[in-house]
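The next block holds one structure in the form of structure tokens; read it before the comments.
Protein chains in written order, with my numbering: chain P, 1 to 139; chain H, 1 to 244.
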């Protein structure tokens, strides 16, 4: 049997937002206490900026998405968005009516591939699966 | 942006990276890409850095692999998506042997394999050499075979290990792909020894032909047609990439 969770009093009102009233992708809605709702950000770092163009053939830069901000039902707001979302997903599974689905657990991870010269001027292609967040629960 | 890292369309707040940010960002991205660190490149004369056959081939492979994203299903064996690491070797020495009239002609290529990381399992290996139509031999069928030089001897012929044989016409042109996967067992055991691949060409009635006369191009070929080797690896527990 699931032990009832000793929940800390959430800072905001007890009234839980309905899951499908979660903020849209680029809404600038701030939750009631000035905390920024979870938003998707793009990170692109040009390899030219890093001075890597003499050894990296492709891609031209590192590109990924990440989420920043807090879900509307923060269990513990000091976690970062992704860890928080994973915990919230677990709690949601146990108490789907009381706790909404987490809004930014990664739902699609993509591989990264990089083509570069090694120190013997051989050309190397390296691929790593499940490395870059491409989509998450709310975006 | 797509996984091939092309510039995303939306405009993001842009700003220059500070020195410390650059260092931190480099370390982070190297870790995500699973690269041990930035290689110390050997300075090559500019002409030698022109696009050569291996980079062009590998760039096509990169784009094919990028489109292969997250494709884990599919037939086993050498599907592109299943390889974690593909290495092309261009750093080599070439030797021709055509001394005695009765002795077989051959062309040998030596590859430096010291850069192969430990813990990688070879799934396939190919030796790629470009053939142009022969200017000396016409209307003839040729057997082109490749051997691994297992052990060299000063007083007698080297110990060879047969790898692959292809049959084609003297007038054919294009990339010849020879399967050298069978040699990978030995080279993983002795990584600091160069890998020697020896090419023999014979007519149907067994006459040895100099590979160059048969139209096989070596290091003197234009840079986009020079021979190279490609090896596909399937990573076992690679320690380079710390769990994210």
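Even for Gly, the Cβ is constructed at its ideal location relative to N, Cα and C.
Residue i by DSSP, collapsed to three states: which one?
i: residue 21 (chain H); result: helix
i: residue 148 (chain H); result: strand
i: residue 218 (chain H); result: coil
i: residue 63 (chain H); result: helix
i: residue 225 (chain H); result: helix
i: residue 76 (chain H); result: Confidence at residue 76 (chain H) is low in this model, with a pLDDT of 37, below 50, so its placement is unreliable and no value can be given for it.
i: residue 27 (chain H); result: helix
i: residue 234 (chain H); result: strand
i: residue 182 (chain H); result: helix
i: residue 190 (chain H); result: coil
i: residue 56 (chain H); result: helix
i: residue 208 (chain H); result: strand
i: residue 87 (chain P); result: helix
i: residue 15 (chain H); result: coil
What is the residue span of the beta strand (DSSP E) that residue i lies within?
i: residue 168 (chain H); result: 159 to 169
i: residue 89 (chain H); result: 85 to 89
i: residue 176 (chain H); result: 174 to 179
i: residue 105 (chain H); result: No beta strand (DSSP E) contains residue 105 (chain H), which DSSP labels as neither H nor E.
i: residue 195 (chain H); result: 195 to 203
i: residue 97 (chain H); result: 92 to 97
i: residue 122 (chain H); result: 120 to 131
i: residue 58 (chain P); result: 56 to 58
By the 10 Å Cβ neighbour count, where 16 or more other Cβ atoms means buried, how is residue i classified, buried or exposed?
i: residue 118 (chain P); result: buried
i: residue 18 (chain H); result: exposed
i: residue 190 (chain H); result: exposed
i: residue 77 (chain H); result: Only weak support exists for where residue 77 (chain H) lies, its pLDDT of 37 falling under 50; the value from the coordinates is given anyway. Exposed is the call here.
i: residue 109 (chain H); result: buried
i: residue 245 (chain H); result: Nothing can be reported for residue 245 (chain H): it is not among the residues displayed for chain H, which extend from 1 to 244.
i: residue 58 (chain H); result: buried
i: residue 133 (chain H); result: exposed
i: residue 123 (chain H); result: buried
i: residue 125 (chain H); result: buried
i: residue 95 (chain P); result: exposed
i: residue 226 (chain H); result: buried
i: residue 32 (chain P); result: Note that residue 32 (chain P) scores 47 on pLDDT, short of 50, meaning its location in the model is unreliable; the coordinates nonetheless yield the value given after this. Exposed.
i: residue 162 (chain H); result: exposed
i: residue 36 (chain H); result: exposed
Looking at the secondary structure, which residues open and close the alpha helix (DSSP H) in which residue i lies?
i: residue 49 (chain P); result: 47 to 50
i: residue 112 (chain H); result: That residue, residue 112 (chain H), is in no alpha helix (DSSP H); it is neither H nor E in DSSP.
Would residue i count as contacting chain C if we go by Cβ distances under 9 Å?
i: residue 58 (chain P); result: Here the protein chains are P and H, and chain C is not one of them.
Checklist entry - For the region 114 to 127 of chain P, which residues have a CB atom closer than 8 Å to at least one CB atom of chain H, in sequence order? => result 114, 115, 116, 117, 118, 119, 120, 121, 122, 123, 124, 125, 126 and 127
Checklist entry - Given a limit of 9 Å on CB to CB distance, which residues of the region 36 to 51 of chain P reach chain H? => result 41, 42, 43, 44, 45, 46, 47, 49, 50 and 51
Next on the checklist: In chain order, what are the residue ranges of uninterrupted alpha helix (DSSP H) at least 4 long that sit wholly in the region 91 to 129 of chain P?
Outcome noted: none
Item to check | Near-chain P residues of the region 19 to 41 of chain H - C-beta to any C-beta below 8 Å | outcome: So the list reads 22, 25, 26, 29, 32, 33, 34, 35, 38, 39, 40 and 41, given in the order they occur along the chain.
Checklist entry - Using Cβ-Cβ distances below 8 Å, what residues of the region 111 to 142 of chain H are close to chain P? => result 112, 114 and 115
Item to check | Contact list for the region 52 to 68 of chain H against chain P, Cβ threshold 9 Å | outcome: 52, 54, 55, 57, 58, 59, 61, 62, 63, 65, 66 and 68
Checklist entry - If you measure beta-carbon to beta-carbon, which residues of the region 188 to 204 of chain H are closer than 8 Å to chain P? => result none
Next on the checklist: Using a Cβ-Cβ cutoff of 8 Å, what residues of the region 203 to 231 of chain H are near chain P? List them in chain order.
Outcome noted: none
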